[in-house]
Amino acid sequence: MGIFGLYSLKDRLAIDINKERIIVEKKSGDMFSYRRERDGEIIESKIFTSNNATKLSVTPLRPINVPQQIARHVMICINPSFSLPPKSEISLTLTIPIEVGVLANVVETSDHLLDFFSISKPKYALYGPPESGFICRFHNSDLNNSSGSLPYAEAIAFVKFENQTSSWVSVHRIVMDAYMLDLYIKDDLVYLEDTKVIIDDEKTAQVFLNNTPPLPGLQEAPIASDALKRFRLGLLERTGLSGKDKFLMEYGY
Amino acid sequence: MEWYEYSIPGVEFTVIQLIIALMVIAVGGVIGRMVSLSAKKVLTTAMSNNSSYLLQRIVNYFVIIVAVLAALSYLHVDFTGALLAGGFLGIIIGFATQSVVANFISGFFLQIEKPFAIGDPIKVIDSDIQGVVTAINVFSTNICSFDGVNTRIPNEKLFTSKILNYSKHVARRIIVDVGISYKEDVSKVIDIIKKKLDENPFILSEPEPLVYLDDLGGYSLKLSIHVWAPSAVWFKLKTQVVQEVKEALDLAGVEIPFAQRVMWRDNL
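Pasting the structure below:
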């Protein structure tokens, strides 16, 4: 069994994810203590109550929480950058950062985010000018990553690049709205939804998140907050973008 | 004239009519409040808090004014005389309420231009007031200074003042200067500082941090450190960067010299 999934609450439950150790212990009756340790040091500690239907869920999260919610976009810097001929397309395997969330989950009704953390070291970057740009969670991704993703720290992103211009272009980075990302799981490997980048001209590109799994047989990761999902779906309905989520990269790629 | 009949020059009305007129004004007040609350629900998602607040106030006052005019009309108040007198009265009121109108109009243009929003930390250069904007009202704006004191500034004053908005842009630069001893290896020290800066998640990777030898000073080599940070954490980071650089240099045994003066004395 992998780390991601549902856990029944017992007298004592311990889950190890890299250097992080999650320990849930029954205190009395329906009361449980939750704590997360790193190298023996307690990082997070709290008490929660449950009923018989409550389970603990460990799930990948979008990279928006750690260390604090100051960015709603992700910038993937591609190393090394690559050049694409005119009127051509290429599919690449990249990685994006993810976080790990621990939810107290009453199955199929509601969930509560108990804790979240990042295995990888978070960094931020500015996309565009300071007056109108975007603060992004920054991530370096190897071009055609052959070693796969870093477990519990990265998700695999299959990204198709299409150059619609009539000249060669060099691609250094892609930026996407982190709140719109859908993640899928299989055997503890995390995948980003099907993604396409259309390069319109010398400076702009459009990043489409197609709301479909990149491979068959993947399970969609639950997101931490129902409210967020509702907000997102509501936004899609209001804007008429029911099928795809789009981000316009207007400050270069 | 019966006991229940009253008159003012040119207008005659009964107690019942007066009560009805007052009720019209009262109902107008209630409707104004209801319309204002409804507008709040609709406008909250459509525009910023301060624009929504100002528009609610305008809607509320508009409904009340309409109710007052309707009540006066019901009492058969003849507005012809009022219109004639209004010309003169308007001039008098115009002079008397010049600053009120100026503040109102300035508030309106502040909403259009949006030099700041509620929650923005700003500095009004002309009056040396700085703090966080807590409310933008019809005639004035409230600023809570960083030590917790509320200041009310007339909108006209703000509209005509130079204003620094610390959070208008998503990112801001931090500049820290540090002096190191002449005996130190500058390249090595720059590497130590860059490595330390890279450990802080909030120091932006792009634009890349810049560390360079800026000046050959009187008693030290002056290094200049330029980093960019999200505006939301700029102040916290500013203090962190200074401390982290100092700690990193101390750990590496890099000397940060202080001003020294060598005194020579002749043998007397």
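First to last, the sequence lines map onto chains V and S. Per our numbering, numbering through the first sequence is continuous, rising by one, with the last residue being 253. Per our numbering, numbering through the second sequence is continuous, rising by one, with the last residue being 1268. Built from N, CA and C at the ideal position, the CB exists for glycine as well. As the structure is a prediction and not an experimental result, all values here were calculated from the model.
- As for any beta strand (DSSP E) of minimum length 3 sitting wholly inside the segment 1204-1241 of chain S, the runs are 1210-1216 and 1221-1230, ordered along the chain.
- Annotated three-state conformation of S/S1052 is helix, per DSSP.
- In this structure, DSSP gives S/Q1098 a helical state, which the three-state scheme calls helix.
- Contact between V/A125 and S/S1205 holds, since their C-beta atoms are separated by about 5 Å, short of 8 Å.
- Inter-segment contact for the segment 74-84 of chain V and the segment 15-26 of chain V is absent: fewer than three beta-carbon pairs are separated by less than 8 Å.
- In the three-state reduction of the DSSP assignment, V/V24 falls in the strand class, which pools E and B.
- A straight line joining the alpha-carbon of V/K246 with that of V/E89 spans about 18 Å.
- In this structure the segment 203-216 of chain V does not lie against the segment 1024-1033 of chain S, because fewer than three pairs of beta carbons, one per stretch, are closer than 8 Å.
- Within the same chain, V1035, S1036 and A1039 come within 6 Å of S/V1059 by CB-CB distance, once the 5 residues on both sides are set aside.
- In the three-state reduction of the DSSP assignment, S/Q1017 falls in the helix class, which pools H, G and I.
- In the same chain as S/V1245, and ignoring 5 residues on each side of it, the C-beta atoms closer than 7 Å to its own belong to V1176, V1178, I1193, K1196 and I1225, in chain order.
- With a threshold of 16 other beta carbon atoms within 10 Å, V/K123 meets it and is buried.
- Chain-ordered, the chain V residues with CB closer than 9 Å to the CB of S/H1169 read P129, P130, E131, S132 and G133.
- For S/L1204, the nearest beta carbon of chain V is closer than 9 Å to its own beta carbon.
- Around the beta carbon of S/Q1098, fewer than 16 other beta carbons sit within 10 angstroms, so the residue counts as exposed.
- The C-beta of S/A1248 comes no closer than 9 Å to any C-beta of chain V.
- Residue V/I119 holds the alpha-carbon nearest to the alpha-carbon of V/I98 among V/P80, V/I119 and V/D111.
- Burial state of V/A153 is buried, judged by a 10 Å Cβ sphere holding 16 or more other Cβ atoms.
- In the DSSP annotation of this structure, S/N1155 is not part of any beta strand (DSSP E); the continuous alpha helix (DSSP H) holding it starts and ends at N1155 to F1159.
- Rounded to whole angstroms, the separation of the alpha carbons of S/W1228 and S/L1213 is 18 Å.
- Note: V/A104 is bridge-paired with V/L56 and V/H112 in the DSSP secondary-structure output.
- Counting every other CB atom within 10 Å of its CB across the protein chains shown gives S/A1085 a total below 16, marking it as exposed.
- Per DSSP, S/K1195 is one residue of the alpha helix (DSSP H) stretching across V1186 to E1199.
- For the 9 Å CB-CB criterion, V/I185 and V/F4 form a contact.
- Membership of S/D1177 in the beta strand (DSSP E) is indicated by the continuous run A1171 to I1180.
- Distance from V/I78 to V/L103 at the Cβ level is roughly 32 Å; contact not present, criterion being Cβ atoms closer than 8 Å.
- Between the segment 191-206 of chain V and the segment 147-167 of chain V, the count of C-beta pairs closer than 8 Å reaches three or more; the two stretches touch.
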